[in-house]
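Beneath this line is the structure, given in structure tokens, with notes to follow.
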Amino acid sequence: MESYKLLALVQSGHAIETLEEFKAWVSGPLKDYFPHDMMLCAQGHMMSDEIHIKHLIAINYPEHFVSHLAKSMTLSVKDRIVLQRWLLESRAQIVDTPDAISKLSKLEQAEFAMLGRTNMAVYGCIDITGQAGSYFSFSNIPGSLTESHRCQLELIVPYLHQLLIRIHHQQRKKSDLPRSASIRLTERETQILQLMAAGMSNRAIAEMLSRSELTIQNHVHAILKKMGVPNRAAAVGAIPSISEISAPYS
Numbered sequence: 001m002e003s004y005k006l007l008a009l010v011q012s013g014h015a016i017e018t019l020e021e022f023k024a025w026v027s028g029p030l031k032d033y034f035p036h037d038m039m040l041c042a043q044g045h046m047m048s049d050e051i052h053i054k055h056l057i058a059i060n061y062p063e064h065f066v067s068h069l070a071k072s073m074t075l076s077v078k079d080r081i082v083l084q085r086w087l088l089e090s091r092a093q094i095v096d097t098p099d100a101i102s103k104l105s106k107l108e109q110a111e112f113a114m115l116g117r118t119n120m121a122v123y124g125c126i127d128i129t130g131q132a133g134s135y136f137s138f139s140n141i142p143g144s145l146t147e148s149h150r151c152q153l154e155l156i157v158p159y160l161h162q163l164l165i166r167i168h169h170q171q172r173k174k175s176d177l178p179r180s181a182s183i184r185l186t187e188r189e190t191q192i193l194q195l196m197a198a199g200m201s202n203r204a205i206a207e208m209l210s211r212s213e214l215t216i217q218n219h220v221h222a223i224l225k226k227m228g229v230p231n232r233a234a235a236v237g238a239i240p241s242i243s244e245i246s247a248p249y250s
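Structure representation (structure tokens):
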């Protein structure tokens, strides 16, 4: 029965082409297969003791938390026990008891309290070089966590990783701009586009950058015009990697 459920889940993801469709799928079929309330995905590169994030997806996370993470676009491995264990053991990690929470770093314990987390399970995929990959965190998983949850995560996360890689590849192919093209944005516009990609609203970006919402709205309009796209979602999708955008002037 479990294998049929997994097969049905994978088949349901075949038609996904955009990040918005991916988010809807996570909140629908994936949630039915692996129940959870919150999901965070960070894709990027390992450099020293940090994960430098290129793509960030947050579902049901408070906007202020996403804003803080999007501002730095890094995850410190030395400050996160769960990350350390995952990288060391190459196994899904489960945090589901007060004792397990007490063994986390002060930063992780503070996040647990602030986010209202209960059960959490994390896993990721790293490429053969050990430098690039995806990290997934699922929180508020109902019931008591068991070895079955760990096995489920280790089965589905590689598919989630490949699904996102395929989405980024398809978006590059569909873009009117060649992959080597460089869009000339100001440093501020590049920063705002990066925050848009993290899912932040104009209001949240304005608060984080200490600017008026109207100012941010004007920047967004300028970004859309330069990229030749009709809306925010298209802007984020047209350039899957922020590194493909140049900011030669301020």
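In UniProt numbering, the protein residues as written are 1 to 250. C-beta atoms are modelled at their ideal positions from N, C-alpha and C, and glycine is treated no differently. Computed from a predicted model, the values in this text were never measured in an experiment.
ask   = Taking the runs of the alpha helix (DSSP H) that are 4 residues or longer, which of them lie wholly in the UniProt domain "HTH luxR-type" (178-243)?
value = 187-197, 202-209, 213-227, 232-238
ask   = Any idea if residue 163 is buried or exposed, counting beta-carbon neighbours within 10 angstroms, 16 or more meaning buried?
value = buried
query = With 16 as the cutoff for other CB atoms within 10 Å, does residue 128 come out buried or exposed?
reply = exposed
query = Under 8 angstroms from any heavy atom of the ligand NAD, does the C-beta of residue 189 make it?
reply = For the structure depicted, the ligand NAD is absent and the ligand set is empty, with no information on it obtainable.
request  = Count the C-beta pairs between the segment 61-79 and the segment 152-167 that are closer than 8 angstroms, then say yes if the count reaches three, no if not.
outcome  = no
message = Does residue 22 come out as helix, strand or coil in the three-state DSSP assignment?
response = helix
task = Mind reading off the beta-carbon distance from residue 205 to residue 195? Whole number of angstroms is fine, and I expect it under 8 angstroms.
result = 5 angstroms
request  = Could you spell out the range, first to last residue, of the alpha helix (DSSP H) harbouring residue 34?
outcome  = Residue 34 -> no alpha helix (DSSP H), and no H or E assigned at all.
ask   = Around the C-beta of residue 202, are 16 or more other C-beta atoms found within 10 angstroms, so that it is buried, or is it exposed?
value = buried
query = Buried or exposed: where does residue 153 fall if 16 or more other Cβ atoms within 10 Å of its Cβ makes it buried?
reply = buried
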